[in-house]
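Data block below; observations after.
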Amino acid sequence: DDDTFTCNRKWVLDICEHIKREDINVLWSCNGRVDNVDSEMLARMKESGCRLIKYGVESANPDTIRRINKGYTLEEVETAFNLTQKSGILIHATAMLGFPWETKMDMINTINLIKRLKPDTCQFSIPIAYPGTKLFYEAEENNWLNFGRDWEKYDMSYPTLKNEILSSGEIVELCRKAWISVYLSPGFILRKI
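Going from the sequence shown to this note's numbering is simple: count from 1 and add 1220.
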């Protein structure tokens, strides 16, 4: 298991070469980053049996991407999705709804970005400010934590962060609607057929 498999290009190419050289017949998937894949890497991954890459898109808001230190741009997200789709590798996209500073429109833009990117599967989740992260300390400082340091409640079932505009219940409902709007959209259904 490797949370960021595509970060070390040489490692990826070596593994792909080893799988092919040893004629290992395996289907595999990985987590990747949108800012470090390229056509050659994706072609080699596909040839060695890679069937799916999971990319964290997180938000359509460039300020959010910067604030959570993702280190990539929305242009890199779109490029990675295009290259990956052209390579024939499936994509699982993840995004988060409910950052304290985001508006409802920011969250709707994130949902629309995921729809526009046309991943094969996707996941919308609620951001969690994990202890020790910059976001946690910022949330503590700004009184954004719903449960303080009650770690038992940090299970992604309910927003641990307060949003400046939407209630926690509204964020949960928006996540539910996001899933429905993607998975029951005519375009998604036609692609699956």
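Beta carbons are placed, not taken as given, at the ideal position from N, Cα and C, and that holds for glycine.
For Val1246, collect the residues of the same chain with a Cβ closer than 6 Å to its Cβ; drop the 5 residues on either side in sequence, then sort them by chain order. Gly1269
Within 10 Å of its beta-carbon, does Arg1253 have 16 or more other beta-carbons around it, so buried, or fewer, so exposed? Answer is buried; the Cβ neighbour count reaches 16.
Scan the stretch 1349-1407 and note each continuous alpha helix (DSSP H) run of 4 residues or more that stays entirely inside, going in chain order. 1354-1361 and 1388-1403
Whose CA, out of Ser1345, Asp1340, Tyr1403 and Ser1388, lies closest to the CA of Gln1305? Asp1340
Where Ala1315 and Arg1241 are concerned, what is the direct C-alpha to C-alpha distance, given to the nearest angstrom? 36 Å
Using a threshold of 8 Å, state whether the C-beta atoms of Ala1359 and Leu1386 are closer than that. In terms of Cβ geometry, Ala1359 and Leu1386 do not form a close pair [threshold 8 Å].
For Arg1286, which three-state DSSP category applies? helix
Beta bridge counterpart(s) of Phe1344 as assigned by DSSP: Ala1315
Closest by C-alpha distance to Met1376, when choosing among Trp1399, Glu1361, Leu1355 and Tyr1350: Tyr1350
Tell me whether Ile1328 sits in a helix, a strand or coil according to DSSP, three-state version. helix
Bridge partners for Leu1310 per DSSP, in chain order? Per DSSP, the beta-bridge partners of Leu1310 are Leu1272.
Rounded C-alpha distance that separates Ile1348 from Trp1371: 11 Å
Taking only three categories from DSSP, how would you classify Ser1249? strand
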